[in-house]
Amino acid sequence: MKKVSRIIRTVKRRLRFHLFIILLMTALALSACSTKASGRKSEIIFREYPEFTTEDSSETNGETLSLKEYLASIGITMADEPEDSSEPSSEDISAAEGESGSENTGDAQPGDGSVSSGTSDSETKEFKVYFIDVGQGDSSLIICDGHSMLIDGGPSSQAGTVTEFLLSRGITHLDYIVATHPDEDHIGGLAAAVSSTTVDKVLSAVSSDNRESFKAFAASLSQQDVSITVPSAGDVFSLGSASVTVLGPVHTGSNDNNNSLVLRIVHGENSLLFAADAEQLEEKDILESGATVKSTVLKVGNHGASSSNSSDWLKAVQPSVAVISCGADNEYGHPTASVLDYMKSNNVKLYRTDLQGFLKVTEEDGKLMYRIAKNASIDVFVPGVSLSLRPEGSN
Numbered sequence: 006m007k008k009v010s011r012i013i014r015t016v017k018r019r020l021r022f023h024l025f026i027i028l029l030m031t032a033l034a035l036s037a038c039s040t041k042a043s044g045r046k047s048e049i050i051f052r053e054y055p056e057f058t059t060e061d062s063s064e065t066n067g068e069t070l071s072l073k074e075y076l077a078s079i080g081i082t083m084a085d086e087p088e089d090s091s092e093p094s095s096e097d098i099s100a101a102e103g104e105s106g107s108e109n110t111g112d113a114q115p116g117d118g119s120v121s122s123g124t125s126d127s128e129t130k131e132f133k134v135y136f137i138d139v140g141q142g143d144s145s146l147i148i149c150d151g152h153s154m155l156i157d158g159g160p161s162s163q164a165g166t167v168t169e170f171l172l173s174r175g176i177t178h179l180d181y182i183v184a185t186h187p188d189e190d191h192i193g194g195l196a197a198a199v200s201s202t203t204v205d206k207v208l209s210a211v212s213s214d215n216r217e218s219f220k221a222f223a224a225s226l227s228q229q230d231v232s233i234t235v236p237s238a239g240d241v242f243s244l245g246s247a248s249v250t251v252l253g254p255v256h257t258g259s260n261d262n263n264n265s266l267v268l269r270i271v272h273g274e275n276s277l278l279f280a281a282d283a284e285q286l287e288e289k290d291i292l293e294s295g296a297t298v299k300s301t302v303l304k305v306g307n308h309g310a311s312s313s314n315s316s317d318w319l320k321a322v323q324p325s326v327a328v329i330s331c332g333a334d335n336e337y338g339h340p341t342a343s344v345l346d347y348m349k350s351n352n353v354k355l356y357r358t359d360l361q362g363f364l365k366v367t368e369e370d371g372k373l374m375y376r377i378a379k380n381a382s383i384d385v386f387v388p389g390v391s392l393s394l395r396p397e398g399s400n
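Note that our numbering numbers the sequence shown so that position 349 is 354, with each residue one more than the last.
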């Protein structure tokens with residue numbers, strides 16, 4: 006019976022994917038008719054982020070194709086980016102490469118859960134992490150050996166950004182979606198992400214919530230007969246050759262932030278800790294649990310807020326690189342001066358989506374390479390200023 010249920014679920018997914026393609030082709034046909042009637046050249050523009058080419062591949066019918074090759078196989082030509090594109094310029098990308106360079110901060114210790122990333126077929130192995138610029142929110146995509154995991158989806162206003170980004174990477178299937186907690190700035194874009202992909206497993210801090218964004222997310226999952234799993238601290242699962250450990254919450258309460266799913270991903274000698282919106286209480290619980298938190302890269306908690314990121318936590322994590330995801334000129338004043346001061350005084354390499362846009366991290370020969378979209382030389386240690394504290398009429 007279980008096998009039959011799995012077959013039915015697989016058939017539903019395939020039918021849904023083909024329906025998506027049919028709808029896409031219908032839209033393209035209508036677009037062609039419209040442009041032909043107006044005398045304009047008909048072309049389909051797929052925005053590509055210049056720092057992120059279509060080198061990643063999706064798997065279709067057992068054959069590995071890049072997004073560009075796949076679209077060509079169904080009769081769609083990917084056009085060049087228009088000259089007035091708002092995407093980062095090639096000059097910005099070149100500068101970013103020169104600024105970011107590479108970091109090799111192997112932190113694996115005996116018995117800390119590190120896993121080997123080496124195989125005889127190096128061409129099939131890859132480890133990439135994308136910190137998606139979703140304004141005041143969080144969304145990250147992790148790809149390891151052809152397996153994909155989306156952590157959060159940003160606010161609903163950025164749902165298009167996340168789905169477009171997945172499409173630009175050729176991602177039509179996600180092994181995991183992680184909803185760290187039901188705040189709108191983390192979960193708002195997940196319903197759209199589910200609608201544009203197929204999903205194997207969903208991990209969430211809660212199985213239900215009355216907020217509209219969560220209900221939309223749950224409804225989109227029901228269309229694929231995918232249930233929500235609420236993991237426990239200490240749970241471990243694999244994403245390709247990477248190992249993912251759930252660090253928290255150790256205890257749950259009434260504060261959504263302190264119920265956040267906190268994850269640590271280890272690949273080879275490199276590790277990344279995703280702190281979600283965990284505040285100091287949850288940080289303390291995790292430290293007292295004895296879990297390994299020391300990590301190469303820290304996705305800074307709660308957008309760089311001082312209510313998170315205690316000095317004990319930051320000292321224990323000891324990141325060489327930190328990433329803050331927040332919106333430009335956000336009303337909360339994120340990131341705060343105390344968090345930035347710690348990073349600066351401890352020589353932590355810092356990247357910020359509000360100032361530098363998307364961040365791509367890749368592993369090459371055991372080293373993590375960082376590539377940003379813009380503003381390589383900008384001062385990332387300037388704190389955000391709360392709108393409520395600004396002079397009237399200022400921007």
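Where a beta carbon is used, it is the ideal one built from N, C-alpha and C, also for glycine. Note that the structure is a prediction, hence the values are computed from the model and not measured.
Kindly list the residues whose CB is nearer than 6 Å to the CB of residue i, restricted to its own chain and excluding five residues on each side of it in sequence; keep chain order.
i      : result
Tyr135 : Leu146 and Lys365
Glu288 : Ser315 and Trp318
Phe132 : Cys149, His272 and Glu368
Ile329 : Val305, Gly309, Pro340 and Arg357
Asn307 : Asp282 and Ser313
Ser225 : Ala196, Val199 and Ser200
Thr257 : Asn264
Tyr347 : Leu319
Could you have a look at residue i and say whether DSSP puts it in helix, strand or coil?
i      : result
Glu104 : At Glu104 the pLDDT is 35, less than 50, meaning the model places this residue with poor confidence; the figure from the coordinates comes in the next sentence. It is helical.
Tyr347 : helix
Thr168 : helix
His256 : coil
Ala310 : coil
Gly175 : coil
Ser3   : Nothing in the structure corresponds to residue 3, since the chain is present only between 6 and 400.
Glu56  : Its pLDDT being 39, under 50, Glu56 is placed unreliably in this model, and the coordinates cannot settle the point.
Gln141 : coil
Ser382 : coil
Ala238 : coil
Ser315 : coil
Asp214 : coil
On the premise that residue j lies in contact with residue i, defined as a C-beta separation below 8 Å, what is that separation, rounded to the nearest angstrom?
i      : j      : result
Asp282 : Asn314 : With a Cβ gap of about 11 Å, Asp282 and Asn314 do not count as contacting.
Leu345 : Phe279 : Contact doesn't hold; Cβ gap of about 19 Å is too wide.
Val353 : Ser325 : 7 Å
Leu171 : Thr203 : 12 Å between Cβ atoms; not a contact.
Ile176 : Val207 : At roughly 16 Å, the Cβ-Cβ gap does not stay under 8 Å, so Ile176 and Val207 are not in contact.
Val235 : Ser212 : 5 Å
His186 : Ser265 : 5 Å
Gly295 : His152 : That pair is no contact at about 29 Å.
Ser218 : Ser162 : At roughly 11 Å, the Cβ-Cβ gap does not stay under 8 Å, so Ser218 and Ser162 are not in contact.
Per DSSP, residue i forms a beta bridge with which residues?
i      : result
Arg269 : Thr250 and Leu278
Glu336 : Answer by DSSP bridge pairing: none, since Glu336 is not bridged.
Ala321 : Answer is none; Ala321 lacks a bridge partner.
Lys365 : Tyr135 and Arg376
Ser209 : Ala184
Ile233 : Val207
The beta strand (DSSP E) spanning residue i covers which residue range?
i      : result
Ser145 : Ser145 to Cys149
Lys354 : Lys354 to Arg357
Asp180 : His178 to Ala184
Ser153 : His152 to Ile156
Val302 : Val302 to Lys304
Taking the continuous alpha helix (DSSP H) assigned at residue i, which residues delimit it?
i      : result
Glu131 : Here Glu131 belongs to no alpha helix (DSSP H), and DSSP marks it neither H nor E.
Phe222 : Glu217 to Ser227
Glu293 : Gln285 to Ser294
Ile192 : Glu189 to Ile192
Ala327 : No alpha helix (DSSP H) contains Ala327, which is instead part of the beta strand (DSSP E) from Val326 to Ile329.
Ser200 : Leu195 to Ser200
Leaving aside the five residues before and after residue i along the sequence, list all residues of the same chain whose C-beta is less than 8 Å from its C-beta, in chain order.
i      : result
Ser237 : Val251
Gly159 : Ile137, Val139, Gly140, Gly142, Asp143, Ser144, Thr166, Val167, Asp190, His191, Gly193 and Gly194
Ala198 : Leu155, Gly158, Ala164, Val167, Thr168, Leu171, Leu179 and Ile182
Asp384 : none
Going by beta carbon distance, what residues of the same chain come within less than 7 Å of residue i, once the five residues before and after it are set aside?
i      : result
Lys220 : none
Gly362 : Pro93, Asp138, Ile377, Ala378 and Lys379
Asn335 : Gln141 and Gly389
Ile291 : Leu252, Gly253, Val255, Val267 and Val298
Asp188 : Asp261 and Asp282
Gly332 : Gly140, Gln141 and Asp359
Does the CB of residue i have a neighbour CB from chain C at under 9 Å?
i      : result
Ser265 : In the structure shown, chain C does not exist; there is a single protein chain.
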